[in-house]
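Reviewing the structure listed below.
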Amino acid sequence: MDLNFILKIVIGLLVIITFFQVIRLIELSSRLAENKDEVTDRSNKINGILLFISGFALVAFFFWQRAQWGYLTLQDPASEHGVLIDQLWDTTMGLIIVVFLILNPVLFGFAFLYRGRKNRKAYFISHNNKLEIFWTAVPTVVLSGLIVYGLMVWGDVTNVNNAKGGIFIEVYAKQFNWTARYAGEDNKLGDGHVRFYAPTNPLGVVTDNMYKIQSEDLDEKIIIDKEKLLVEKNIGKQKTISDRIDRNIAKQKMFKAYYNSISEEERKSGEDDIVVAELYLPVNQKVAMKFRSQDVIHSAYMPHFRAQMNCVPGLSTQFVFTPTKTTEEMRKNPDIIKQVKEANRILEGKGQQGNVEFDYSLLCNKICGNAHYNMKMKIVVVSQEEYDIWLKEQAETRMIKNM
Amino acid sequence: MGHHHKENFFSKYIFSMDHKMIAKQFLLTGMFMGVVAMVLSALFRMQLANPGSKNPILEFLLGSNYVTEAGAMTPDAYLALVTIHGTIMVFFVLTGGLSGTFANLLIPLQLGARDMASGFMNMLSYWFFFLSSLIMIASFFVTGGPASAGWTIYPPLSAMELAIDGSGLGMDLWLISMTLFIVSSLLGGLNYIVTILNLRTKGMSMTRMPLTMWAIFVTAILGVLSFPVLLSAALLLVFDRTMGTSFYLSDIMLAENGIMQVLAHDGGSPVLFQHLFWFLGHPEVYIVLLPALGITSEIIATNSRKPIFGYRAMIGSIFAIGFLSFIVWGHHMFITGMNPFLGSVFVFTTLLIAIPSAIKVFNYIATLWRGNLQFTPAMLFSIALVSTFITGGLTGLILGDSALDINVHDTYFVVAHFHIVMGLSAIFGMLAGVYHWYPRMYGRLMNLKLGYVHFWGTFICAYGTFFPMHFLGMAGLPRRYYDNTAYPMFESLISINEVVSFFAITGAIIQVIFFFNFFYSMYRGTKSPQNPWKSNTLEWTAPVEHIHGNWPGEIPTVHRWAYDYSKPGKKEDFVPQNVPLSKGEKEH
Ligand code: HEM
Ligand SMILES: [Cu+2]
Ligand SMILES: [Cu+2]
Chain L
58 MDLNFILKIV IGLLVIITFF QVIRLIELSS RLAENKDEVT DRSNKINGIL
108 LFISGFALVA FFFWQRAQWG YLTLQDPASE HGVLIDQLWD TTMGLIIVVF
158 LILNPVLFGF AFLYRGRKNR KAYFISHNNK LEIFWTAVPT VVLSGLIVYG
208 LMVWGDVTNV NNAKGGIFIE VYAKQFNWTA RYAGEDNKLG DGHVRFYAPT
258 NPLGVVTDNM YKIQSEDLDE KIIIDKEKLL VEKNIGKQKT ISDRIDRNIA
308 KQKMFKAYYN SISEEERKSG EDDIVVAELY LPVNQKVAMK FRSQDVIHSA
358 YMPHFRAQMN CVPGLSTQFV FTPTKTTEEM RKNPDIIKQV KEANRILEGK
408 GQQGNVEFDY SLLCNKICGN AHYNMKMKIV VVSQEEYDIW LKEQAETRMI
458 KNM
Chain X
7 MGHHHKENFF SKYIFSMDHK MIAKQFLLTG MFMGVVAMVL SALFRMQLAN
57 PGSKNPILEF LLGSNYVTEA GAMTPDAYLA LVTIHGTIMV FFVLTGGLSG
107 TFANLLIPLQ LGARDMASGF MNMLSYWFFF LSSLIMIASF FVTGGPASAG
157 WTIYPPLSAM ELAIDGSGLG MDLWLISMTL FIVSSLLGGL NYIVTILNLR
207 TKGMSMTRMP LTMWAIFVTA ILGVLSFPVL LSAALLLVFD RTMGTSFYLS
257 DIMLAENGIM QVLAHDGGSP VLFQHLFWFL GHPEVYIVLL PALGITSEII
307 ATNSRKPIFG YRAMIGSIFA IGFLSFIVWG HHMFITGMNP FLGSVFVFTT
357 LLIAIPSAIK VFNYIATLWR GNLQFTPAML FSIALVSTFI TGGLTGLILG
407 DSALDINVHD TYFVVAHFHI VMGLSAIFGM LAGVYHWYPR MYGRLMNLKL
457 GYVHFWGTFI CAYGTFFPMH FLGMAGLPRR YYDNTAYPMF ESLISINEVV
507 SFFAITGAII QVIFFFNFFY SMYRGTKSPQ NPWKSNTLEW TAPVEHIHGN
557 WPGEIPTVHR WAYDYSKPGK KEDFVPQNVP LSKGEKEH
């Protein structure tokens, strides 16, 4: 046993002994004072003063945190609707901060003011209708305002017509990374389904070509298995193979059925889709994002754009927004500069290279498995020209050809 | 009167049907579960303050499956700990522990009944609770670890072992445990409702009941209406897990041994589960909160030596909150892709809840006004509860507003919000209740000075732990993250996390004082007088020593409401409910 360990035990024991000694002292002192565990004027006074201080300490703590950590909170929104959301946020936050700053000190202030004293008698009052109507009416009016304002913003942000004029991008979630699919020339995303998955078609895009390749592949598997079955002697293995054949035939059937349920036009529109691992967005251009997941629920969270939407297997969801600040512009934000500097300082302290720069990111924000904390994708917002060049490059060197 | 059958050790302490003993059983089990959940949170806070550092305590407590080769917590372990922490805190401590203790102790004593309507059901309720607690804890020691899909166990994650290790045997145990728990709470809840409706003593009209009774009454109704829905949600999940049905599953593909497999499930909806879950889940937060508010109402009135302000408004708010809590569940689902119009409806109902909540706060503050406040530890915790209810409730206005929720949904802002408004408020209410009714349970007083030290330590650490989390959330940090160093931009949040973890761990240690006080006072505390707080309610008219049937002779008759404190024209500053009105005295 090493010395360190013994030392820790000794310290531990000392702490425990001290603790019990302190308790004994308290007990002895209260015996001496013949205190029968009753509150006294003195204890009321001490606690009253402490409560009074608490009210203001809470306020001070609040302001301290704002001063200390304010720059860490999300900076100016980088999207059009984000401005609306932030205005609503500031209004609501302003309101609740005021209420917080009034009610807590009042609560603790009353506690101090009316602390118990032996010769005092409380004022008997059971209710006061006028007062109660008043303080029911005030929150009602204020809340009505908030509800109306909030719903107006919500209506704007989620309006189904928003997608008009936007470029369509699919964001595809799986444990534990993101993939994006751009709609290509026709600005139409082809249909996708897990049944069409293949290593060369990770998002399961439904196109004629894909259908052909995969269906032939399945047919081939079935044929090979059938041949194998003929020569196999072992009854156990025969069973495995024939089960596999049945499964593949069933699969083939479903596959076909799904294929036939997709219109030809839609199958065509998938052909020019571009699958990439990084999101590039043109500034000031509306983006209509579609979300899909292949396994569990994920959530595509893009905090700087005030955008978030769940990705649910079996369900297609959508969020429309317009980025308004390029990555370069955002890097010039003073709070971001400060935050990046701080991050680099910390990284260097850990012996890593402190050369990170700000980037927008898309984070997973719905618990989705053990690497949930590390499921991210970089978002780069660039000018329209840069975007066009990038997209063209991607189309040429795209991850998956032969769509 | 009182039934005097022969008692042995088992019938007195273990399979007791006496409500007072059952209350103590619930309390001790709840406290034990509280320690477990608190230790879990301290462990994962260590990970968050020092990402990836060795965690020998974790290894010692739970075994080497929970740590990496280097001795640090694994990501799976993190999610397991968070999930069970949340589950235990919400259900086992603040539902079973809180309601189980105070409903059982107080309903017969405050209403003047010999016992609960059915002592047997009451006993069963406890033993189901006990069994479900055991199973929940046992799930830490099975292959794959306990359920790890968050306390909300959303499928598909919770439906397939391929998606996360904890969704194997651990999830089975979670579901079994929760099923037993639901049975327990239904048995309890029905009993509470029936007792309150039928067994009130003479003169104890509904509108003379103390507010604790009203709170427990509405809580029990909420539980009886909403827990069965969780049970059905859980059952359907069991079917999906074991029988290949597709209630919640559709179009899923997962890697098995590196090969992609499309699962046979088709046509289900994961969102359906969320609707069912939150149909319980939201009322559940009021199941946790209302008893605490009821306890506080009683304690604040008693120790202000004043009537509770706006008794009828308080009852009205309890009912309004109870009713509204059933039609707001969608605020947990604004960004599931639900129809935006439906979202709007939930915004409307959600923000309405702020009105009865505000009324309650104003009434508490008005009760303090011109009172003669006696700062017992119970009173201090009650005042702290009002403060956390204000602070935490206010951020609800942000989360309930769908447009704002887009950006803070599932971030630490939410963690801050619900810990303050539900976690802290309910825990404070529970602690207040323990300090206040300890003499009624054990015949002795808890040590006052230790109580003060405990209160101030807890109060400071509570705000220190949870207030800064708002800033984490506003910085965009998602909850249920094992480690935030995967994002360079989050590196700088470490300064917040250190503050949080410091207060969290200190706060956990300070609870030792409470436990010491609790057990120490059981044997060495000052003997309690019959009515130590000079309270009006009936429980203080029963003898200090516990007897079956609660009152040796006749049950007292009630002549007035519970809040005649400092009534003009009375010598003492309290008039117990069983004192007849004097000539010409108005009720209030
Ligand atoms: C002892 C003090 C406590 C500390 C330090 C603490 C800390 C935390 C933290 C940091 C998380 C979030 C972890 C994450 O999302 O990665 C969490 C989750 C949670 N806590 Fe606590 N907590 C405490 C007490 C409570 C209490 C009293 C309640 C009762 C309501 C509670 C209920 C929950 C719930 C429901 C979750 C969510 C679990 C989930 O995400 O599935 N906690 N706790
Ligand atoms: Cu994810
Ligand atoms: Cu809710």
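So the sequences go chain by chain: L and X.
Position one of the first sequence corresponds to residue 58 (my numbering), numbered consecutively onward.
Position one of the second sequence corresponds to residue 7 (my numbering), numbered consecutively onward.
Cβ atoms here follow ideal geometry from the backbone N, Cα and C, with glycine treated the same way.
These figures come from a predicted structure and were not determined experimentally.
In the DSSP assignment, X/V427 falls outside any beta strand (DSSP E), carrying neither H nor E. In this structure, the C-beta of X/V420 stays at least 7 Å away from each heavy atom of ligand 3. Per DSSP, reduced to three states, the secondary structure at L/Q144 is helical. For ligand 3, a non-hydrogen atom lies closer than 7 Å to the CB of X/H288.
The C-beta distance from X/R485 to X/Y418 rounds to 6 Å, short enough to meet the 8 Å contact threshold. In this structure L/W447 is in contact with L/Y337, their Cβ atoms being roughly 5 Å apart against a cut-off of 8 Å. Within chain L, the residues Y254 have their CB atoms less than 7 Å from the CB of X/M266, given in chain order. Assignment of X/G172 by DSSP, reduced to helix, strand and coil, places it in the helix class. Contact between the region 208-224 of chain X and the region 146-155 of chain X is absent, with fewer than three C-beta pairs closer than 8 Å.
Within chain X, the residues placing a beta-carbon under 7 Å from that of L/Y358 are P484, ordered along the chain.
Taken in chain order, the unbroken stretches of beta strand (DSSP E) that lie wholly in the region 330-388 of chain L and span 3 residues or more are 331-333, 336-339, 344-350, 355-359, 364-368 and 374-378. Shown here, L/I182 sits in coil according to DSSP, grouped into three states, outside any helix or strand.
The C-beta of L/T130 comes closer than 8 Å to at least one C-beta of chain X. Contact annotation, X/P297 with X/A221: C-beta distance approximately 5 Å; criterion of less than 8 Å satisfied. With contacts defined as CB atoms closer than 8 Å, X/S138 and X/L181 fail to qualify as a contacting pair. Any Cβ of chain L closer than 8 Å to the Cβ of X/R311 would place that residue at the interface, and such an atom is present. At a Cβ-Cβ threshold of 8 Å, X/V421 and X/G402 do not count as neighbours. X/G590 has a beta carbon lying at 8 Å or more from every beta carbon in chain L. Using a Cβ-Cβ cut-off of 8 Å, X/W375 counts as an interface residue toward chain L, since at least one Cβ of chain L sits closer than that to its own. For X/Y160, the chain L residues whose C-beta falls within less than 9 Å of its own C-beta are V353, I354, K423 and I424, listed in chain order.
Contiguous alpha helix (DSSP H) elements confined to the region 361-414 of chain X occur at 383-405 and 408-414, taking only those with 4 or more residues. Within the same chain, and ignoring the five residues on either side of X/H288 in sequence, the residues whose Cβ sits closer than 6 Å to its Cβ are S331, V334 and W335. Within chain X, the residues whose beta carbon sits less than 7 Å from that of L/E189 are G316 and A319, listed in sequence order. Under the three-state reduction of DSSP, X/W567 is assigned to coil, being neither helix nor strand. One finds nothing in chain L with a Cβ atom closer than 9 Å to the Cβ of X/W546; even the nearest lies about 16 Å away.
In this chain, L/I281 is not harboured by any beta strand (DSSP E); it is covered by the alpha helix (DSSP H) spanning D265 to V288. The three-state reading of DSSP puts L/F225 in strand, counting E and B together. Relative to ligand 2, the beta carbon of L/C421 is positioned inside 7 Å of a heavy atom. In the structure shown, L/N234 falls within a strand segment according to DSSP collapsed to helix, strand and coil. Chain-ordered, the chain X residues with CB closer than 8 Å to the CB of L/A428 read P81. Taking C-beta atoms as the reference points, L/L160 and X/V367 count as a pair closer than 8 Å.
When L/N291, L/L141 and L/V163 are compared, the shortest CA-CA separation from L/F109 is found for L/V163. For X/Y529, the closest C-alpha among the options X/S59, X/K576, X/Y448 and X/N378 is that of X/Y448. Each residue's CA atom was taken as its position, placing X/V277 and X/T342 some 7 Å apart. Apart from sequence neighbours up to five positions away, the residues of its chain that approach L/P370 with a beta-carbon distance below 6 Å are S350, ordered along the chain. A direct Cα-Cα distance of roughly 15 Å separates L/V96 from X/R450.
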